[in-house]
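Structure first, commentary second.
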Amino acid sequence: QRQMCIRDRYCKIVEDILKNLGLYYTTTCSYTYWSQLYKKGMTHRPHHHAHTDPEKGANISWVHFLKTTEEKSFMFIDGNGQGFAPEEQNDGDIICFPNYLWHQVFPNKSNSQRFVCAGNLMFIHIDTNENQRLTDFTR
């Protein structure tokens with residue numbers, strides 16, 4: 003029962019992401035998600051979700067901040083190694099980003115735990131037929 007509730011919740015979140023990006027009516031996708039708990043001192047090394055094998059990589063990655071601490075620990079990293087912490091790291095916030103962006107989580111300095119659910123969207127089909135797109139949007 004609880005698993006089904008979580009699955010339904012993230013199905014709706016993925017649907018909303020696709021609608022907000024204008025991709026809901028023109029793509030078919032699959033997605034994966036997982037949770038991460040960060041106790042004091044825990045971190046996540048720099049990484050990205052791009053892969054040369056489309057079966058293993060994502061197109062869009064996302065993080066849902068469920069329980070946060072005061073410190074903004076999630077960072078994007080540019081080509082020069084400089085970090086950028088998005089403001090959207092409060093309880094309930096969701097951020098989406100292209101799969102190729104490097105990111106990391108700095109050590110949790112708080113005695114409180116941080117908890118996130120993260121995921122990847124993988125496009126299976128992208129409609130490139132202009133006439134079909136117009137039809138889909140007029141339903």
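Residue numbers for the sequence shown follow my numbering, so the first one is 3 and each next one is one higher. Backbone N, C-alpha and C define an ideal beta-carbon position, used for all residues, glycine too. Every value quoted in this text rests on a predicted model; they were computed, and no experiment measured them.
| Asked | Found |
| --- | --- |
| Sequence-distant residues of the same chain with beta carbon closer than 7 angstroms to threonine 30, five excluded per side | Ile126, His127 |
| Straight-line Cα distance separating alanine 87 from glycine 74 | For the record, residue 74 in the displayed sequence is lysine; it is not glycine. If I take the Cα positions, the gap works out to 6 angstroms. |
| Burial state of threonine 1 (16 or more Cβ within 10 Å) | The requested residue 1 is not part of the displayed model; the chain covers only 3 to 141. |
| Beta-carbon proximity check, tyrosine 35 vs valine 107, cutoff 8 angstroms | no |
| Length of the line joining the Cα atoms of histidine 96 and valine 118 | The sequence given here places isoleucine at residue 96; histidine does not occur at that position. Roughly 10 angstroms separates the two Cα atoms. |
| Sub-8 angstroms separation of leucine 103 and histidine 50 beta-carbons | yes |
| For asparagine 92, the three-state DSSP class (helix, strand or coil) | coil |
| Per-residue burial, arginine 11 [other beta carbons within 10 Å of its own, 16 or more giving buried] | exposed |
| Anticipated Cβ contact below 8 angstroms, proline 100 with isoleucine 79, distance rounded | At roughly 13 angstroms, the Cβ-Cβ gap does not stay under 8 angstroms, so proline 100 and isoleucine 79 are not in contact. |
| Separation of glycine 121 from cysteine 13, as counted between CA atoms | 11 angstroms |
| Candidates Gly24, Asn61, Leu68: closest to asparagine 92 by CA position | Leu68 |
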